[in-house]
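These notes are about the structure you will find just below.
As structure tokens, then:
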């Protein structure tokens, strides 16, 4: 019996028991605990949100340290300053130099205050773009890690043009002449996340979440009740599996059953393997092909009905890569 | 890795089409809500007089929010334009509760079919692709259809070698479409990257209000960025920021004039001067390239 069938049987039993008012809850829990650890255990979307935000969840710098043979962090946007909420630098893995860029959360109060809980300001996004241009110039592939509630909503951020900084990154990353691989490692919060997530390949860790607004924000705005965040987490379809089924991401990197924080080495090894596999695949293609595919990827996102074009999309008609 | 000539590469992606455009569509409806008081100076205002005054309060110069048809009547030569991609309609990819109902209600209430209209018209005699958002339709929010229409319009400008003028008015992403709405930020921005290679100008006009994912994507990617006076323009909304910093925001924060002072808007232009300004800018970009009037 497969995991999926097993899960189904358990749900059926539960429903049956509820229907006949039988108390077999304990037995069911015992069975469920036996298959704990298998990957098709039903984790609710809200549980994934909590795992993604877990205070001990591994951060960008921890993964970079584990993945690379050597890593040198570089600072500053060359315009205003350095943003500790966004980190980046040059790393060597085997015989290849990579540029790493990622949001950086803290692991305790003091570090979180310094890193602004991973909420980057304009200088963070401009640092990311500076490092990306540098990577492009020297032909280094770019690896980005997304882990933020969102870009920082504050006076300083607005004054220095957070919108302009994110917008410019979206435009520039979409045509950058070097392969880009992104992984959402924790929270992928809205514009602040996508500001470093325009890439050739996008992956998510199993318990990462990625959405246009936080479940709390969605609950208070659309459901008009901030307490309905758990419900909103489900409605938003923000888990790795949801996004894979939508075709928004390319794959899921496995975590241990209790979350990435229980075994950093395990997750880092999986992450490294995934990055290297896809880097090899991308680097074996002509750069022109990589750019064409990136262009097609980002132009294709959207679900709508088009009465005029029927099956044939607008882009298929006008752009040569369509057919 | 092989080096490529990116300029010609992206040019090749955008072959020109030769379908003739037709004009003659004039929409004379008035969409401004029947406000009898100006929200700024509280003086009574008459809709007909407002209409004659480009929907600017004739007491205090308050710029009323206007929707796409009104904007086009003020802007296009003879008020004539040809709309395209008008038939695209939203789906509910997340099965989000009440989305269809809210969408139908917005259609009925606003008399519009989406939060953006994309057209080709003439401005000062020159053919131009014009994109106009309407805040009246679900807060001008950007879902898949809005993203697709803007992308197509920008690529049409690139294909035909036409200038592009883009009026923003939006509260940001359409949350009911979840991750799809977030992806529209990257999609529209990529389209602008492709337009950039053709060296056709993109002129963005920020109108009240422009916030969220729209500000953080195409709204900030114009070659020239204009703004109407006193428009609210920002990434996070004022209430969100006040909630974060736990204090009141300074007077004029996130207004057009503030953005001009901080260096993110080229120029604040009153609505009455807009057509003249846009005509000059389009001329300046096209005439130098040897375009014919």
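Chains as they are written, first to last, in my numbering: chain Z, 122 to 444; chain G, 144 to 436. Backbone N, C-alpha and C fix where the C-beta goes; we use that ideal spot for every residue, glycine too.
Check                                                                                                                                                                     : Outcome
Can you give me the Cβ contacts of residue 323(G) inside the same chain, cut-off strictly under 6 Å, excluding the 5 residues immediately before and after it?            : 236 and 287
Look at the alpha carbon of residue 412(G) and the alpha carbon of residue 360(Z), and state the distance between them as a whole number of angstroms.                    : 44 Å
Strictly under 8 Å for the Cβ-Cβ distance: is residue 357(Z) near chain B by that measure?                                                                                : Of the chains in the structure shown, none is chain B; the protein chains are Z and G.
Would you kindly check if the distance between the Cβ of residue 319(Z) and the Cβ of residue 284(Z) is under 8 Å?                                                        : no
For residue 185(Z), which of 213(Z), 234(Z), 258(Z) and 205(Z) has the nearest alpha-carbon?                                                                              : 213(Z)
Taking the alpha-carbon positions, what's the residue 217(Z) to residue 377(G) distance?                                                                                  : 41 Å
Under the three-state reduction of DSSP, which class applies to residue 445(G): helix, strand or coil?                                                                    : Summary: the structure shown does not reach residue 445(G), with chain G confined to residues 144 through 436, and so no result is reported for it.
Under the three-state reduction of DSSP, which class applies to residue 427(G): helix, strand or coil?                                                                    : helix
Just the Cα atoms here: how many angstroms apart are residue 368(G) and residue 362(G)?                                                                                   : 8 Å
Between the alpha carbons of residue 203(Z) and residue 227(Z), how many angstroms are there, rounded?                                                                    : 16 Å
Using C-beta distances below 8 Å, list every residue in its chain close to residue 365(G), excluding the 5 sequence neighbours before and after it, in chain order.       : 309, 345, 346 and 347
Taking any Cβ of chain Z, which residues in the stretch 207 to 240 of chain G have a Cβ under 8 Å from it, in chain order?                                                : 228, 230, 231, 232, 233, 234, 236, 237, 239 and 240
Just the Cα atoms here: how many angstroms apart are residue 424(Z) and residue 322(Z)?                                                                                   : 20 Å
Quick one: what does DSSP say residue 399(Z) is sitting in, helix, strand or coil?                                                                                        : helix
Can you tell me which of the three DSSP states residue 199(G) falls into?                                                                                                 : strand
Counting along the chain, where does the beta strand (DSSP E) carrying residue 261(Z) start and finish?                                                                   : First-last for residue 261(Z): undefined, no H or E at that position.
By Cβ distance, which residues of its chain are closer than 8 Å to residue 418(G), with the 5 residues on each side in sequence left out?                                 : 217, 218, 266 and 267
Closest by CA to residue 83(Z), which one among 244(Z), 329(Z), 232(Z) and 301(Z)?                                                                                        : This structure gives no information on residue 83(Z), because the portion of chain Z shown stretches from 122 to 444.
In terms of residues, what are the limits of the alpha helix (DSSP H) holding residue 370(G)?                                                                             : Unbroken run through residue 370(G) is the beta strand (DSSP E), 367 to 370; no alpha helix (DSSP H).
For residue 310(G), report the span of its beta strand (DSSP E) as first-last.                                                                                            : 307 to 313
How long is the line joining the alpha carbons of residue 238(Z) and residue 221(Z), rounded to whole angstroms?                                                          : 19 Å
Quick one: is residue 272(Z) near chain G, going by C-beta distance under 8 Å?                                                                                            : yes
Return the chain-ordered ranges of every beta strand (DSSP E) run that is complete within the stretch 267 to 306 of chain G and spans a minimum of 3 residues.            : 269 to 276
Give me the Cα-Cα distance between residue 175(Z) and residue 388(G), rounded to the nearest whole angstrom.                                                              : 24 Å
What does residue 332(G) reach in chain Z if we use C-beta pairs closer than 7 Å?                                                                                         : 288, 291, 292 and 295
How many angstroms separate the CA atom of residue 376(Z) from the CA atom of residue 328(G)?                                                                             : 30 Å
Hey, is residue 444(Z)'s beta-carbon within less than 8 Å of any beta-carbon in chain G?                                                                                  : Unreliable placement is indicated for residue 444(Z), whose pLDDT of 30 sits below 50; the coordinate value is still reported in the next sentence. By this cut-off, residue 444(Z) is not an interface position.
Note down, in chain order, all residues in the stretch 322 to 350 of chain Z with a beta-carbon under 9 Å from any beta-carbon belonging to chain G.                      : 331, 332, 333, 334, 338, 339, 342, 343 and 344
Please identify, using Cβ separations under 8 Å, the residues of the stretch 382 to 413 of chain Z that lie next to chain G, in order along the chain.                    : 404, 407, 408, 409, 412 and 413
Taking 8 Å as the cut-off, decide whether the C-beta atoms of residue 343(G) and residue 296(G) are in contact.                                                           : no
What residues in the stretch 189 to 207 of chain Z have a beta carbon less than 8 Å from any beta carbon of chain G?                                                      : none
Compare the C-beta of residue 377(G) against all C-beta atoms of chain Z and say whether one is closer than 8 Å.                                                          : yes
Verify whether the separation of the beta carbon atoms of residue 224(Z) and residue 165(Z) is less than 8 Å.                                                             : no
Counting only Cβ-Cβ distances shorter than 7 Å, please list the residues of the stretch 403 to 421 of chain G near chain Z, keeping chain order.                          : 405 and 407
Pair every Cβ in the stretch 329 to 340 of chain G with every Cβ in the stretch 270 to 281 of chain G, then say whether three or more of these pairs are closer than 8 Å. : no
Determine, using beta carbons only, whether residue 225(Z) comes closer than 8 Å to chain G.                                                                              : no
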